[in-house]
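Here the structure comes first, spelled out in C-alpha cells, and everything after it is commentary.
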Amino acid sequence: MDITRIFGRQRMMEKQKMRNFMIALVAVVALGLTAVGAAIVTVDPFFHYHAPLHSFPYVVDDQVDMNPGLAAHMDYDSVLLGSSMTVAFDTDWFMEDMELKTQKLSYNGAYPKDQAIIMDKIFKAKGDSVKRVFLGIDELNYSSDTEQTKFPPTDYLYDDNVINDVKYIWNKDVLLDYVIRPLLDRSDASEWNRIYKPWWQPMHYNLANVRLYYEPAEEIPDTTPLEDYIAGIDANLDVNIIPYIEAHPETEFTIFYPPYSILYWYDAYRQEQIDKIVAKYDHMTRRLLEYDNVEVYFFQDDEDVICNFDNYADHTHYSPEVCHYMVDCMEKGDRRVTLDNLDEELDKLRTLAYEYDYAGIDL
Amino acid sequence: MLFNSYIFIFLFLPICAAGFCLLKRYSATCAKVWLIGFSLWFYGYFNIGYLAIMVGSILFNYAVYRLIVYEGKRSATATSAASGSSKHPGRTPLIIGILGNVALLGYFKYTDFLIDGCNHIFRMDLPLKHILLPLGISFFTFQQIGFLADSYRDYDHVSGLRENGDTSDADAEYDRDVITYGFIDYALFVSFFPQLIAGPIADRDSMMPQYMSIGHKKRIDDEVGEDVEAAGLPVSTPAADTQRERAARGIALFILGLSKKVLIADTFGRAVDYSYGALGTGVNSAEAVLTILFYTLQLYFDFSGYCDMALGLGWMFGIDIPVNFDSPYKSRNIIEFWRRWHITLNKFLTKNIYIPLGGNRKGQVRTYVNLLIVFLISGIWHGAGVTFIIWGCMHGLMVVLTRMVMNLDRDRHAGTDISQDDGITPAAASEDKGRIGSGIISGVITFIFVCVAWVFFRAPDVASACDMLKSVFTGGFGRIGDGFLEGFNSGEFWYALKVLHLTNFSFSRYILMSLFALFGITVVFRAPNSIEMSRTMRYNIPRGILLGLLFVWCVLSLSGVSTFLYFNF
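Protein chains in written order, with our numbering: chain A, 32 to 394; chain H, 187 to 755.
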C-alpha cells in the first residue's frame, strides 16, 4: 500500500474521530441541559410555573425571587405584606383567629414600590378573591422616591417573557441550592406558615441582645422640612398604594404601624424628629382612612409592648409573641384608629416619646 | 452582547454560523454582509447609540483610506512632482485620520479625566460631562489607525523606491503588495464581532487576506492555498485541517475560554471585589496578599479567556485571529512578559509609535526615552485615570531597567545584543539562556512586580492602591474574613466536601479557596495554555464528553452578572 493511501486512511480515521468528538459533545450538552431544565421545571423551587409539589422539602428563603411565584401559585385568600417587621408572623394565626388562609409575602427593607410590585402579582393572579391585605407600613420609607425598591426585581421571575426563563431553568444556584441540596439535607425545609422567619431564637429577645446592635443616633437635628416628607408620602400613596385600594373595593386593607421599641423614639428625640414623625403618621392615616375598605391599627404607642425589651432582639424587631398579639388585636378590633380617636392616639404617642425616662434605660 | 450570555450562545452564534456557512457557498459578498450585519447587532445590543459611533468611525476611516489610496496611486503612476508624484503620498489624509480617531477616543474616554484634572490642578469647578464610553472604542480605533498607517506605509515605501530611482522595484512592489481593499472587506475587518469589543488588535496584513478569501474553497494537504493563490491574493495562514475540523477546534477553544472566564476569573473576582470594598474598614495582611495574587489571576483568566473565545469563534468562521496571550506569567523577565501579554497591543505600539519615534536607532538614551513614552501611552490607553498612568510608567521603568541590566551583562554572556533588536521586546531577552534575567529568581521577581503593578490597574484610585499595598505590611495578622472566602464556597463544591466529610473542621472554610488558588497558580505557571491544548489535543469521544460537561457547567453558571475587565478600554 503506497504512502498516499496510508496517509489518506489516516486522515479518514482522524476525521471520523473528530466527528465522534462533536457528536459526543453535542449529545452531552443536549442531554445535560435538558435534564437540568426538566429537574428545575418539575420541582420549580421558585414557584414560577406551578404550586409546590407535596412531598418536596422546599427551602423558602429568597423573598425577591420567590414572592412573585408564591403570589401567583399558592392557595390563599389573604396576604401579609411589609418589611422585616412582618417576617416573624406565623400565618396559621390568621387562620385560627380570622379563618383567613394568609400568604406571607414580606420584603426586608421594603419600599412602597416593592409593595406595589407584589400587589400587581397578587391581584393579577387572584383578582377579587383576595379578602384581606394586611400591610405593615414603615413610615420612614414612605418619603422615598416612588420608583425606589430595596433590591431590583429579578427580571425573569417578574415578567411574562418566557424566553428569559433560561436564566431560571439553567441556573446552577437554583439547581444546587434549591433542588439538590434540599433533597440531600431535608432538615432545612421551610415551614409554610413561618417562611422567612428571623434567625433569632427566644433567648435573643432581651435588653442584652438589643444592646449588642444598638448605637444611639447622633444628636444632629433633622433639617428636612416636613413639607418634603409629606410630599413624598403623598406621592408614594398616590402611586404605589392607593390605586390598589381603589381598584379593589371588595378587598379589606388592614394597615398597621409596627411597634418599634422605645429606643426608636429615643433616636427621634435626639434628632428632634418626634413632631415630624407624628405629623407624618397623622397625614398618612387621614389619607388612608378616606377609603371605606381601609382600617388602620396603631401599635406605635403601645407602652406594654414597646417599653419591654424582652419583646425585642434589636431596637425595632419584635418577637413572634408580639406578632401574635397584633393578630389578636386585629381580630378583635383593639388598637384600631379612626378619625374619631386618631388625635388622641397621636397625642399619647407624642407624650410618650417626649417624656419617657430614656436615661433610665441601661444601655 | 457578551460571549458568556444565553442569547449569544444559543441564538446569535448558531444563526450567524449557519447563515454564514450557507451563504458563502453561493456568494462571498452576501456571506460577508451577513457577518457584518450580525457584528453590528452584536455591538448595538449594548446600546444602540454605540452603533452610530462605530458606523460613523468605519465610514470616516474608509474615506481617509481611499484618500490615501488616491494620493498613493497618483504618486505611483506620476513621473514627476508636477504630474502628481509626491515624497510622502497620503501623509495628509493619514494625519487627518489619526487625529480624527484620537479625537473620538479622547472625547469619549478622556474628557472627564481632563476636566477632573483641571478642577484639581487649577482649583476650578467645571462640571463633569459623564459621557458614556462606547465599549471597545480603544480597540477598534487603534485597529483602524493601524490600518491607515499600514496603507500609508505601502505607498510611502513605493514612493521612496521611486525617489531613489528603483523604478522597477517600485513597480514590482506596487503590483505585488499594494492592494485596494473594498468597503465590505474593510467594514468586516473593523466590525468582526469576535474581536470587536476587547481585541485582539488585529493588523491589516494578517486579517484582510483572510476576509478577502471568504467564499474561496480551501482544500487540505497538497492543495492548501491553491485557490487562494489562483485568486491573486496573498496566501493566508495555511489550514492543516478542513474547515469542519477547524470549527471543532474552535468550539473546544471557545469552551475552554468560557470556562476560564465564568468558572475561574469570576470566582477570584468575587474575593477581589470584596477586599477592595472592605479597604475602608481594614484588610489584614493575609487578605491583602491574597487579593493582590487573586487579581493577578483573575485578570489573566478573564482577559485570556475572552481572547480564547474570540480565537475559537474566529476558527469557527474560518478566520485566524491573532494570538494575544502566550502564558505570560511564565515569563522570566519583564521584556519576555510583554512578548507574551497583550501581544497585539505590543505589536501595534512597536510598529506605530516606537519605531516612528526612532526605535533603538538613535542611541541608548533615546531608546530608553522611546520605551518610556510607549509605556506611558499604553497606560493612558488602558484607562482614563492616574492609576493607569502609574501602572504604565512602572512597566516602562522596569523594561528600561531590565534592558540596561541585560546590556551590561552582554559582555559576560556571549549572546545576542538586545539593543540590536528594534522592538520593544527583543526576542533575545527571553530566548538566550544563562544570561541575567533568564532564571527562576528573575521569573519570581517579575511575577511579584507584575502583581504589584496590577494593584494600580485594579484600584479605583491611587489612595486605594497605596492602602492595599500598605495593608500587606501593616494590616496585621488575622483570620481571613468570611466575606472574602464566600466567593469560593460554591454549591457544587459543597457537596464534594460533604461527601468527603471535610465540612466540620476548623480549616474547612479555607479548603476551596486554597484549591482554587493552587489550581490557578498551576495553570498559569505549568500547564499548556488553551490555544496549545486545542491545537494539539486528540479529539475523541471521552474528550467530547468532558468538554460537553464543562460547557454545561459553564452555561449553568451564566446566571450571575459578569463583565469583561477589558471592556471599557
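Glycine included, C-beta positions come from ideal geometry on N, C-alpha and C.
Chain H contact for residue i (CB, 8 Å cutoff)
{"i": "residue 206(A)", "result": "yes"}
{"i": "residue 310(A)", "result": "no"}
{"i": "residue 192(A)", "result": "no"}
{"i": "residue 55(A)", "result": "yes"}
{"i": "residue 181(A)", "result": "no"}
{"i": "residue 97(A)", "result": "no"}
{"i": "residue 87(A)", "result": "no"}
{"i": "residue 90(A)", "result": "no"}
{"i": "residue 197(A)", "result": "yes"}
{"i": "residue 202(A)", "result": "yes"}
{"i": "residue 43(A)", "result": "no"}
{"i": "residue 267(A)", "result": "no"}
{"i": "residue 51(A)", "result": "yes"}
{"i": "residue 157(A)", "result": "no"}
{"i": "residue 363(A)", "result": "no"}
Residue-chain proximity (residue i, chain A), Cβ-Cβ < 8 Å
{"i": "residue 202(H)", "result": "no"}
{"i": "residue 194(H)", "result": "no"}
{"i": "residue 283(H)", "result": "no"}
{"i": "residue 716(H)", "result": "no"}
{"i": "residue 672(H)", "result": "no"}
{"i": "residue 388(H)", "result": "no"}
{"i": "residue 187(H)", "result": "no"}
{"i": "residue 434(H)", "result": "yes"}
{"i": "residue 424(H)", "result": "At residue 424(H), the pLDDT of 34 sits below 50, so the modelled position is not reliable and the matter cannot be decided from this model."}
{"i": "residue 522(H)", "result": "no"}
{"i": "residue 694(H)", "result": "no"}
{"i": "residue 745(H)", "result": "yes"}
{"i": "residue 431(H)", "result": "yes"}
{"i": "residue 678(H)", "result": "yes"}
Buried/exposed call for residue i, threshold 16 Cβ in 10 Å
{"i": "residue 551(H)", "result": "exposed"}
{"i": "residue 304(A)", "result": "buried"}
{"i": "residue 198(H)", "result": "buried"}
{"i": "residue 711(H)", "result": "exposed"}
{"i": "residue 681(H)", "result": "exposed"}
{"i": "residue 384(A)", "result": "buried"}
{"i": "residue 251(A)", "result": "exposed"}
{"i": "residue 47(A)", "result": "exposed"}
{"i": "residue 663(H)", "result": "exposed"}
Segment limits, beta strand (DSSP E) that includes residue i
{"i": "residue 545(H)", "result": "That residue, residue 545(H), is in no beta strand (DSSP E); it is neither H nor E in DSSP."}
{"i": "residue 109(A)", "result": "109-112"}
{"i": "residue 288(A)", "result": "283-288"}
{"i": "residue 326(A)", "result": "325-329"}
{"i": "residue 363(A)", "result": "No beta strand (DSSP E) contains residue 363(A), which is instead part of the alpha helix (DSSP H) from 351-363."}
Integer Cβ distance of residue i from residue j, believed to fall under 8 Å
{"i": "residue 341(A)", "j": "residue 380(A)", "result": "Incorrect: roughly 22 Å between the Cβ atoms, too far for contact."}
{"i": "residue 318(A)", "j": "residue 268(A)", "result": "6 Å"}
{"i": "residue 371(H)", "j": "residue 218(H)", "result": "7 Å"}
{"i": "residue 442(H)", "j": "residue 716(H)", "result": "4 Å"}
{"i": "residue 206(A)", "j": "residue 742(H)", "result": "7 Å"}
{"i": "residue 203(H)", "j": "residue 381(H)", "result": "Wrong, their Cβ atoms sit about 16 Å apart, outside the cutoff."}
{"i": "residue 345(A)", "j": "residue 227(A)", "result": "Incorrect: roughly 17 Å between the Cβ atoms, too far for contact."}
{"i": "residue 460(H)", "j": "residue 670(H)", "result": "5 Å"}
Endpoints, the alpha helix (DSSP H) within which residue i is located
{"i": "residue 443(H)", "result": "429-445"}
{"i": "residue 576(H)", "result": "572-595"}
{"i": "residue 701(H)", "result": "694-711"}
{"i": "residue 197(A)", "result": "197-200"}
{"i": "residue 633(H)", "result": "626-644"}
{"i": "residue 205(H)", "result": "199-209"}
{"i": "residue 232(A)", "result": "Taken as a continuous stretch (DSSP letters only), residue 232(A) belongs to no alpha helix (DSSP H), as it is neither H nor E."}
{"i": "residue 364(H)", "result": "That residue, residue 364(H), is in no alpha helix (DSSP H); it is neither H nor E in DSSP."}
{"i": "residue 309(H)", "result": "From DSSP, residue 309(H) is part of no alpha helix (DSSP H); its letter is neither H nor E."}
{"i": "residue 224(H)", "result": "214-230"}
Members of the region 719-743 of chain H that neighbour chain A once the beta carbon cut-off is set at 9 Å = 724, 725, 726, 727, 728, 729, 730, 731, 732, 733, 734, 735, 737, 738, 739, 741, 742, 743
Relative to chain H, which residues along the region 59-78 of chain A have a C-beta separation below 7 Å, given in chain order?
-> 59, 60, 63, 64, 67
Members of the region 223-235 of chain A that neighbour chain H once the beta carbon cut-off is set at 7 Å = none
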